[in-house]
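Here's the structure, in structure tokens; my notes come after.
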Ligand code: HH2
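In the working numbering, the protein residues as written are 8 to 283.
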């Protein structure tokens, strides 16, 4: 437990083995909640509500990374999330993570009180590694290939589990070599990032392989389109996301990144009670 990067009090945890990361996309174009939280006041209120509902960390992002998304400048990304990170740091006691691949944006967010960098490019930018080393913050190393605009074409693997695992293990070592303490790192196979539906399913079924890297595994399957394909539905919904979160936890995820925090927290509470 004490090796985990999150600095929260054990007494406040609802179900110690699993952490819930609540998603707060402050973007006009995010996958499932684009445009809902572009007003900073509404965004902060939603972050507070997620913390009250049991989120252990709030993940604030200002750039959509859905397949085909257009990149935004660092200035625009920071303009979107600045009032939200500042507001949340004042109003919630759980840590704030910043979902960004830009060192400039991460720097600003850490300056105003965020304590975790959630980098969908897996700390491949040496400036991001230096920043995390210097600030002694937590970091999520996620697997992706290429960038959101082009990643669909790169969803080609001989052995998706082995290739993603090798990338994550390598990036953990690169991070440690850059001076980041190992116990500040979490790994994430990057569900939906340069992955076809069958790759996502294979990864989830073989999640325990990622645990052998020796770091907690984070899974973000919430509201992703492969769930629609599995359920035969036209829209992403909470039920499919909760099923995926529970499946991930049963297969070794320590942290789940979710949009539907109250529902997921309640479902996990029952799962944890059944497990113990
Ligand atoms: N998924 C998304 C964004 N950030 N970070 C981690 N560590 N893991 C993920 O799976 C992950 C992530 C994409 O999902 P979402 O935030 O719903 O959409 P968008 O990128 O369009 O804002």
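Yeah, the Cβ is synthetic: ideal placement off N, Cα and C, and Gly gets one too.
This structure is a prediction, so every number in the text was calculated from the model and none was measured.
Would you mind sorting residue 80 into buried or exposed? The rule is 16 or more other CB atoms within 10 Å of its CB.
The residue you call residue 80 lines up with position 73 of the chain shown. The residue in question, residue 80, is exposed, as its Cβ has fewer than 16 Cβ neighbours within 10 Å.
Is the beta carbon of residue 122 less than 7 Å from the beta carbon of residue 90?
Taking the first residue of the chain shown as position 1, residue 122 is located at position 115. Taking the first residue of the chain shown as position 1, residue 90 is located at position 83. No. Outside cutoff.
Mind checking residue 113: buried by the 16 CB within 10 Å criterion, or exposed?
Numbered from 1 along the chain shown, position 106 holds the residue referred to as residue 113. It counts as buried.
Within its chain, find whatever has a CB closer than 7 Å to the CB of residue 164; leave out the 5 residues flanking it on each side and keep chain order.
Indexing the chain shown from 1 puts residue 164 at position 157. Counting only Cβ-Cβ distances below 7 Å, and skipping sequence neighbours, we find 170 and 206.
Tell me whether the stretch 171 to 180 and the stretch 188 to 207 touch, counting them as touching only if at least three CB pairs, one residue from each stretch, are closer than 8 Å.
yes
Can you find the residues in the same chain that come closer than 6 Å, C-beta to C-beta, to residue 229, ignoring five residues on each side of it along the sequence?
What you label residue 229 is simply residue 222 of the chain shown in a count that begins at 1. Closer than 6 Å at the Cβ level, and outside the excluded window around residue 229, lie 248, 265 and 266.
Is the closest heavy atom of the ligand HH2 to the C-beta of residue 37 under 6 Å?
Counted from its first residue, the chain shown places residue 37 at position 30. Yes.
With C-beta atoms as the reference, is residue 204 less than 7 Å away from residue 236?
Within the chain shown, numbered from 1, the residue matching residue 204 stands at position 197. Within the chain shown, numbered from 1, the residue matching residue 236 stands at position 229. Yes.
Delimiting residues of the beta strand (DSSP E) encompassing residue 148:
Here residue 148 refers to the residue found at position 141 when the chain shown is read from its first residue. Run containing residue 148: 145 to 149, per the beta strand (DSSP E) assignment.
Segment limits, alpha helix (DSSP H) that includes residue 215:
As a working note, residue 215 is residue 208 in the chain shown. Residues 215 to 218.
Taking a contact to mean a Cβ-Cβ separation below 7 Å, would you say residue 127 touches residue 209 in this structure?
Along the chain shown, one-based indexing puts residue 127 at 120. Along the chain shown, one-based indexing puts residue 209 at 202. No. Outside cutoff.
Whole angstroms is fine: what's the gap from residue 18's alpha carbon to residue 54's?
Your numbering for residue 18 matches position 11 in the chain shown. Your numbering for residue 54 matches position 47 in the chain shown. For residue 18, the pLDDT reaches just 35, beneath the cut-off of 50, and the residue's location in the model is therefore unreliable, leaving the point undetermined.
Taking a contact to mean a Cβ-Cβ separation below 7 Å, would you say residue 201 touches residue 152 in this structure?
Within the chain shown, the letter at position 194 stands for residue 201. Within the chain shown, the letter at position 145 stands for residue 152. Cβ distance < 7 Å, so residue 201 and residue 152 count as in contact.
Would you say residue 75 and residue 33 are within 7 Å of each other, going by their C-beta atoms?
Translated into the one-based positions of the chain shown, residue 75 becomes position 68. Translated into the one-based positions of the chain shown, residue 33 becomes position 26. Not a contact, by the Cβ cut-off of 7 Å.
Neighbourhood of residue 216 by C-beta, 6 Å cutoff - its chain only, sequence neighbours within 5 removed:
Here residue 216 corresponds to residue number 209 of the chain shown, with the count starting at 1. Excluding positions up to five away in sequence, the list reads 168 and 172.
Who does residue 125 pair with in a DSSP beta bridge?
Mapped onto the chain shown, residue 125 falls at position 118. Paired residues: 106 and 147.
Proximity test, residue 151 beta-carbon vs the ligand HH2 heavy atom, cut-off 6 Å
What you label residue 151 is simply residue 144 of the chain shown in a count that begins at 1. No - the ligand HH2 has no heavy atom lying nearer than 6 Å to the Cβ of residue 151.
For residue 124 and residue 139, which I take to be in contact (beta-carbon distance under 8 Å), what is that distance rounded to the nearest angstrom?
Position 117 of the chain shown holds residue 124. Position 132 of the chain shown holds residue 139. At roughly 6 Å, the Cβ-Cβ gap stays under 8 Å, so residue 124 and residue 139 are in contact.
Determine the direct distance from the alpha carbon of residue 234 to that of residue 109, and round the result to whole angstroms.
The residue given as residue 109 occupies position 102 in the chain shown. The residue given as residue 234 occupies position 227 in the chain shown. Their Cα atoms are separated by approximately 29 Å.
What is the rounded straight-line gap between the Cα of residue 254 and the Cα of residue 160?
On the chain shown, position 247 is the one that residue 254 refers to. On the chain shown, position 153 is the one that residue 160 refers to. Each residue's Cα considered, the two are about 28 Å apart.
Should residue 95 and residue 51 be called a contact, given that it needs their Cβ atoms to be closer than 7 Å?
Residue mapping note: residue 95 aligns to position 88 of the chain shown, counting from 1. Residue mapping note: residue 51 aligns to position 44 of the chain shown, counting from 1. Residue 95 is a Cβ neighbour of residue 51, given a cutoff of 7 Å.
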